[in-house]
């Protein structure tokens, strides 16, 4: 859906993409899915790097883009080239971006198009590859509203992406407590809120919990619809009332939509999330 959502999901702007057009003839190409892949997990400075295989008879390739994972021929022409590679810097606003490559002949006839690729871009300029993960999507509870829709696109988690800085003071891996997962959600706007609070604090800030898969969330006794599963919640250690009140005041300018009481947080942390924040991007 190409509209503004009050959405709490996390997740991209393609960092680096390699599109591979498989053999299809010009007459039927436009009706077939053409294989696409992304070769780099992380890129810097808001850049994307794209490449794709040549399509017979094509005189130009048009890269279409959207903030929502439903890119089609009616979307914005983000770039046009006669070659099969593209390097281009995106705007610096955080969020998710999705892309398709469309191949046209000299008469303007569509010959073929790639499957979608997507990426998340963060305040630091890091652009992290996204992917679908049907098994993870199916593990989410039935949605109760738009901002609880099951996520479809997730950021890629590996040693490279987890080491990347998603803001001046936070690495992606600080939001991921499960060591074996390869897909997750770390919402770019949530990260920005956290960094803003860190700037006001003026010193290091550790995290108790960020993203949780539904399975992990259940194992630690999290709420059925915990926002940790949607990537827009964060827990900061707080073991005294004084600590809790400090973080309550520190995060207040960021306007969290929900804050647990100290008792609800088990007297161990400050929890805040941005479940209703209006975002101009989506991962479903």
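Numbering (our numbering), first residue to last: 52 to 335.
All C-beta atoms, glycine included, are put in the ideal place defined by N, C-alpha and C.
Residues that residue 227 bridges to, as DSSP identifies them
262
Please state the DSSP three-state secondary structure of residue 155.
strand
Using the beta-carbon count (16 or more within 10 Å), is residue 167 buried or exposed?
buried
With DSSP collapsed to three states, give me the class of residue 205.
strand
According to DSSP, is residue 13 part of a helix, a strand, or is it coil?
The chain is shown from 52 up to 335; residue 13 falls before or after that span and cannot be answered.
According to DSSP, what are the bridge partners of residue 179?
93 and 171
By the DSSP assignment, the alpha helix (DSSP H) with residue 210 in it spans what residues?
210-214
Environment of residue 246 [buried if 16+ CB atoms lie within 10 Å]
buried
By the 10 Å Cβ neighbour count, where 16 or more other Cβ atoms means buried, how is residue 300 classified, buried or exposed?
exposed
Please say whether residue 227 and residue 199 have beta carbons closer to each other than 8 Å?
no
Bridge partners for residue 163 per DSSP, in chain order?
154
Tell me, to the nearest whole angstrom, how far the beta carbon of residue 154 is from that of residue 163; I am working on the premise that it is less than 8 Å.
5 Å
Taking a contact to mean a Cβ-Cβ separation below 8 Å, would you say residue 189 touches residue 149 in this structure?
no
Run through the DSSP bridge pairs and tell me what residue 128 is partnered with.
115
Along the chain, which unbroken stretches of the beta strand (DSSP E) at least 3 residues long are found entirely within the stretch 282-308?
284-288
Can you tell me whether residue 292 is buried or exposed, with buried defined as 16 or more other CB within 10 angstroms of its CB?
Classification for residue 292: exposed.
With DSSP as the reference, please indicate the residues paired to residue 149 in a beta bridge.
DSSP output for residue 149 lists 117 and 169 as bridge partner(s).
Beta-carbon contacts of residue 335 that lie in its chain and below 6 Å, excluding the five residues immediately before and after:
Counting only residues of its own chain and dropping the five nearest sequence neighbours on each side, residue 335 has a CB closer than 6 Å to the CB of 200, 202 and 203.
Since residue 248 contacts residue 305 with CB under 8 Å, what's their CB separation in whole angstroms?
6 Å
From residue 281 to residue 146, what distance separates their C-alpha atoms?
When rounded, the distance between both Cα atoms is 14 Å.
Three-state secondary structure (DSSP) of residue 310:
Looking at residue 310 - three-state DSSP - the assignment turns out to be strand.
Pick helix, strand or coil for residue 234, following the three-state DSSP scheme.
strand
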